[in-house]
Amino acid sequence: MITMAKALNTALQDALDGDERVLVFGEDVGALGGVFRITDGLAAKFGDDRCFDTPLAESGIVGFAVGMAMGGFRPVVEMQFDAFAYPAFEQIASHVAKMRNRTRGRVELPLVIRIPYAGGIGGVEHHCDSSEAYYAHTPGLKVVTPATVEDAYSLLLEAIDDPDPVVFLEPKKLYWSKSDIERLDRTEPFGRAAVRRPGADATVVAYGPGVPVALEAAGAAAAEGWDLEVIDLRTIVPFDDATVAASVRRTGRCVVVAEAAGFAGVGAEIAARVQERCFHSLLAPVLRVTGFDIPYPPPMLEQHHLPDVDRILDALDRLQRDDRPDTRYLNIGGAA
Amino acid sequence: MTGRTEALLPSAEPVRFLTDSGAAARKRTNYAVPDTELLRRAYRAMVVGRRFDAQATALTKQGRLAVYPSSHGQEACQVGSALVLDDGDWLFPTYRESVALVTRGIDPVEVLSLLRGDSHCGYDPQRHHTAPQCTPLATQAVHAAGLAYAERRKGTGRVALVCVGDGATSEGDFHEALNFAAVFKAPLVILVQNNQYAISVPLERQTAAPSLAHKGIGYGVRSERVDGNDPVAVLAVLSAAVEHARAGNGPFLVEAHTYRLEPHTNADDASRYRTDAEAEEWRHRDPIARLESYLRRRGHLTDADITTFTAEADKLAEDLRTRMNADPHLAPLGLFDHVYGTPTPQLDEQRALLSAELRTEGTPS
Chain A
1013 MITMAKALNT ALQDALDGDE RVLVFGEDVG ALGGVFRITD GLAAKFGDDR CFDTPLAESG
1073 IVGFAVGMAM GGFRPVVEMQ FDAFAYPAFE QIASHVAKMR NRTRGRVELP LVIRIPYAGG
1133 IGGVEHHCDS SEAYYAHTPG LKVVTPATVE DAYSLLLEAI DDPDPVVFLE PKKLYWSKSD
1193 IERLDRTEPF GRAAVRRPGA DATVVAYGPG VPVALEAAGA AAAEGWDLEV IDLRTIVPFD
1253 DATVAASVRR TGRCVVVAEA AGFAGVGAEI AARVQERCFH SLLAPVLRVT GFDIPYPPPM
1313 LEQHHLPDVD RILDALDRLQ RDDRPDTRYL NIGGAA
Chain B
324 MTGRTEALLP SAEPVRFLTD SGAAARKRTN YAVPDTELLR RAYRAMVVGR RFDAQATALT
384 KQGRLAVYPS SHGQEACQVG SALVLDDGDW LFPTYRESVA LVTRGIDPVE VLSLLRGDSH
444 CGYDPQRHHT APQCTPLATQ AVHAAGLAYA ERRKGTGRVA LVCVGDGATS EGDFHEALNF
504 AAVFKAPLVI LVQNNQYAIS VPLERQTAAP SLAHKGIGYG VRSERVDGND PVAVLAVLSA
564 AVEHARAGNG PFLVEAHTYR LEPHTNADDA SRYRTDAEAE EWRHRDPIAR LESYLRRRGH
624 LTDADITTFT AEADKLAEDL RTRMNADPHL APLGLFDHVY GTPTPQLDEQ RALLSAELRT
684 EGTPS
């Protein structure tokens, strides 16, 4: 049995082993091995010039990585938590994302920014943000989020190999998820979504922490006679329009699952793209099941916020299978 | 105070070798006088740089540049930051470092691409070991720290020099850069050109510190302050700073006191926040006049030299004028290049969309 945490750790080990330009640095990644132990043992095995702690300053960490990448290294930096990465946002948006473009390809930044993200682990505030939309909305960044142990290993290695900067979002609640595979290997490249469960009646599109929830919902829906296809995006950027559109054209129905607040989120982007590409195949509106448009709740209330099986099943009920119109939005603007 | 603390602190007064009129200053410093050849190169580069700056300002008035931030009056720092570096060293400039970039040998038209608006960075940073001109303040200082550390790791003996202004010392990245460079002993020189104003905001609104150079001590960074309009002092201190960094002693912070005689950019109105009398006072500390007087008195600069340098400056300005008066080649479909190493399918679709629009309009793609 291999956990996602172990798969990520193994990917870092293999990358450090395979290329001396690869460096791992950030807060508490050295002796401690990171607060989630993803870098466990790396400093001991590869030396503290390959895996090292930095001053506690996220903008500095990312900016320093930019300079080191310009100097020929391939930095893999860790932001301790999603919300702690915000001080680095200027570096990410103004430099990491743009350097290749503003120098007309003369300066590449092959660096990876690892960010444990999203909720569901009982974390107190500022530890549970789903920040993917900020990065996905910034051209020049690749945005990756694994949902399986196999992909965690493969996608992280690919991120480190990639000539572009990658924001690598690790779903915290899946760190301890397990797979019974015997050895880790490369899976599919960036830009290819995976069909995690084939089905005929409706397509559920999810990524990262939403994928296991979608699969569980598909299991429950089968009992109600729905045969759901579940797609795991794997990489938000680049986005696999082809796989998503092909599935929805076949099933005619689509539900998008995302843990982040729904408004102006990645879920909204997916829904829009599906409608643009599949309008004539759609038998019902594309629905989203997302977190509410609220700051991430205190841990004792987070279960009310997170998309769960019931909410996905409720959405299926609104997919007009019996040709009954969806009445939820009859009062436009919400006036009673 | 411990000896170590004292060793880090800047001098009690800014280091100067020259009086305002260019005579030798009486107070002695511990810094070596730069060699005559370097001083002559600096003089020549300042003459050329000032002519370039005037030409760029004129081109802006003619609508050839979208905006131009002049460094008129700051030539000693501009030229000094370029001349103290070897070709393999890295310079991290801001948008005001045009004259430094010209001094570094970058084609003046390529230097002005950003400000003309045809490209975000007209030159090849790898070829010139010069980062793109940086607009978000102090953000490039952490890059410089990282790059300097990379050079140290590789054992190349190369250093990085980053330019920032007085306003940028209030930004978090300035402090993070000092801290990272110090902790990792990165061979980095941080040059603060304190030109007294961050657009309109005077220095006393940026800091209550005794000087900007004093900000180094909190990070364990060796610091110095210098008369930024004294080219001899600027070259002496920056050379020492580069040597300090190259020798493996970690970063070195230099605050240079100077003044931008022009507004922040052509779009700014300096009369709203400072007096003509103040600017006039700084005109009497003109770096070119001071170095000219110094070199002439020692017989290191002749009328013939000045004629040669002025002719060279005029030639550069004429060439710049001619080339900038030609419309730049624009390739709209190139907008989709270099967003990623390999374009995404979505970018390919968008490129096709723009391509069709251009065909309809009859615009070259």
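Taken in order, these protein sequences are the chains called A and B. In this text, residue positions in the first sequence follow our numbering: the first is 1013, and each later residue adds one. In this text, residue positions in the second sequence follow our numbering: the first is 324, and each later residue adds one. Cβ atoms here follow ideal geometry from the backbone N, Cα and C, with glycine treated the same way.
Item to check | Residues, ordered as in the chain, of the stretch 483-502 of chain B that lie near chain A by beta-carbon distance below 9 Å | outcome: When CB distances to chain A are screened at a threshold of 9 Å, the residues of the stretch 483-502 of chain B falling below it are A483, G495, D496, H498, E499, A500, N502, in chain order.
Item to check | Near-chain B residues of the stretch 1068-1087 of chain A (beta-carbon distance less than 7 Å), N- to C-terminal order | outcome: Result list: A1069, S1071, G1072, G1075, F1076, A1077, V1078, G1079, M1080, M1082, G1083, G1084, F1085.
Checklist entry - For Y520 (chain B), which residues does DSSP report across the bridge? => result B:P525.
Next on the checklist: Quick check: what's the CA-CA separation for H607 (chain B) versus A399 (chain B)?
Outcome noted: For H607 (chain B) and A399 (chain B), the distance between alpha carbons rounds to 14 Å.
Checklist entry - Roughly how far, in whole angstroms, is the beta-carbon of L1044 (chain A) from the beta-carbon of Q1025 (chain A), given that I think they are within contact range, below 8 Å? => result With a contact defined as Cβ atoms closer than 8 Å, L1044 (chain A) and Q1025 (chain A) miss out at about 17 Å.
Checklist entry - Along the chain, which unbroken stretches of the alpha helix (DSSP H) at least 4 residues long are found entirely within the stretch 601-659 of chain B? => result For the stretch 601-659 of chain B, the full-length alpha helix (DSSP H) segments reaching 4 residues or more read 610-620, 626-647 along the chain.
Checklist entry - So, using beta-carbon positions, are V370 (chain B) and A579 (chain B) closer together than 8 Å? => result In this structure, A579 (chain B) does not lie closer than 8 Å to V370 (chain B) by Cβ.
Checklist entry - At what residues does the beta strand (DSSP E) containing I1125 (chain A) begin and finish? => result In the DSSP annotation of this structure, the continuous segment of the beta strand (DSSP E) that includes I1125 (chain A) starts and ends at 1124-1129.
Next on the checklist: Using the three-state DSSP reduction, which class does K1154 (chain A) fall into: helix, strand or coil?
Outcome noted: Reduced to three states, the DSSP call for K1154 (chain A) is strand.
Checklist entry - So which residues of chain A does Q669 (chain B) contact, with C-beta pairs closer than 8 Å? => result Going along chain A in sequence order, the residues near Q669 (chain B) (Cβ under 8 Å) are P1250, F1251, D1253.
Checklist entry - Using a beta-carbon distance below 8 Å, is R1204 (chain A) in contact with chain B? => result No, its Cβ sits nowhere closer than 8 Å to a Cβ of chain B.
Checklist entry - Under three-state DSSP, which class holds I1248 (chain A)? => result DSSP, read as helix, strand or coil, puts I1248 (chain A) in strand.
Next on the checklist: Less than 7 Å separating the Cβ of G1231 (chain A) from some heavy atom of the ligand FMN?
Outcome noted: Ligands in the displayed structure: none, and consequently the ligand FMN is not present.
Checklist entry - Using the beta-carbon count (16 or more within 10 Å), is S594 (chain B) buried or exposed? => result S594 (chain B) should be labelled exposed.
Item to check | 8 Å contact criterion, which G345 (chain B) and L614 (chain B) should meet: CB distance rounded | outcome: Confirmed, about 7 Å.
Checklist entry - Is it right to say T1339 (chain A) is buried, meaning 16 or more other beta carbons lie within 10 angstroms of its own, or is it exposed? => result Under this definition T1339 (chain A) is an exposed residue.
Item to check | C-alpha gap between F340 (chain B) and V577 (chain B), whole angstroms | outcome: V577 (chain B) has its alpha-carbon roughly 16 Å from the corresponding atom of F340 (chain B).
Item to check | Cα-Cα separation, L1227 (chain A) to I1248 (chain A) | outcome: Going by the C-alpha atoms only, they are around 19 Å apart.
Next on the checklist: Between which residues of its own chain and Q449 (chain B) is the CB-CB distance below 8 Å, once the five residues before and five after are set aside?
Outcome noted: Shown here for Q449 (chain B): not one same chain residue has a beta carbon closer than 8 Å to its own, the five before and five after excluded.
Item to check | D991 (chain A): contacting residues in chain B (beta-carbon distance under 8 Å) | outcome: Nothing about residue 991 (chain A) can be read from this structure; chain A reaches only from 1013 to 1348.
Item to check | Span of the alpha helix (DSSP H) around G372 (chain B) | outcome: Note, G372 (chain B): alpha helix (DSSP H), 359-384.
Item to check | Rounded C-alpha distance that separates R1116 (chain A) from F497 (chain B) | outcome: Whole-angstrom Cα-Cα distance: 27 Å.
Checklist entry - Taking 8 Å as the CB-CB cut-off, is M324 (chain B) touching chain A? => result Caution applies to M324 (chain B), whose pLDDT of 48 falls short of 50 and renders its modelled position unreliable; the model cannot decide the point.
Next on the checklist: To be precise: take each residue of the stretch 1106-1118 of chain A, compare its Cβ to all Cβ atoms of chain B, and keep it if any distance is under 7 Å. Which residues remain?
Outcome noted: Residues are counted here when their Cβ sits less than 7 Å from a Cβ of chain B; for the stretch 1106-1118 of chain A these are S1106, H1107, R1112, N1113, R1114, T1115, R1116, G1117, R1118, given in chain order.
Checklist entry - Under three-state DSSP, which class holds R1114 (chain A)? => result The answer is helix: DSSP assigns R1114 (chain A) an H, G or I state.
Item to check | P574 (chain B) and L501 (chain B) closer than 8 Å at C-beta | outcome: Their beta carbons are under 8 Å apart, which means P574 (chain B) touches L501 (chain B) by this criterion.
Checklist entry - Of the residues A:D1065, A:G1072, A:G1059, A:E1032, which one's Cα is nearest the Cα of G1084 (chain A)? => result Among A:D1065, A:G1072, A:G1059, A:E1032, the Cα nearest to that of G1084 (chain A) is on A:E1032.
Checklist entry - Who are the neighbours of L470 (chain B) on chain A, taking C-beta pairs under 8 Å? => result Those within 8 Å of L470 (chain B) in chain A are G1079, M1080, M1082, G1083.
Checklist entry - Which value, in whole angstroms, describes the spacing of the CA atoms of G1075 (chain A) and P1067 (chain A)? => result Spanning the two alpha carbons is a distance of roughly 12 Å.
Item to check | Span of the beta strand (DSSP E), counted from its first residue to its last, around D1094 (chain A) | outcome: Premise fails: D1094 (chain A) is in no beta strand (DSSP E) and is neither H nor E.
Next on the checklist: Does T1302 (chain A) come out as helix, strand or coil in the three-state DSSP assignment?
Outcome noted: When secondary structure is reduced to three states using DSSP, T1302 (chain A) falls in the strand class.
Checklist entry - CB-CB under 8 Å to A505 (chain B), same chain, minus the five flanking residues each way: which ones, in chain order? => result Apart from sequence neighbours up to five positions away, the residues of its chain that approach A505 (chain B) with a beta-carbon distance below 8 Å are Y542, G543, V544, G573, P574, ordered along the chain.
Checklist entry - Grouping DSSP H, G and I as helix and E and B as strand, with all else coil, what is C1140 (chain A)? => result In the three-state reduction of the DSSP assignment, C1140 (chain A) falls in the coil class.
Item to check | Contacting positions in the stretch 1290-1319 of chain A - beta carbon closer than 8 Å to chain B | outcome: Residues: none.
Item to check | Secondary structure of A1270 (chain A), DSSP reduced to three states | outcome: In this structure, A1270 (chain A) counts as strand in the three-state DSSP scheme.
Checklist entry - Going by C-alpha distance, which of A:L1123, A:V1321, A:L1240, A:R1285 is nearest V1256 (chain A)? => result It is A:R1285 whose Cα lies nearest to the Cα of V1256 (chain A).
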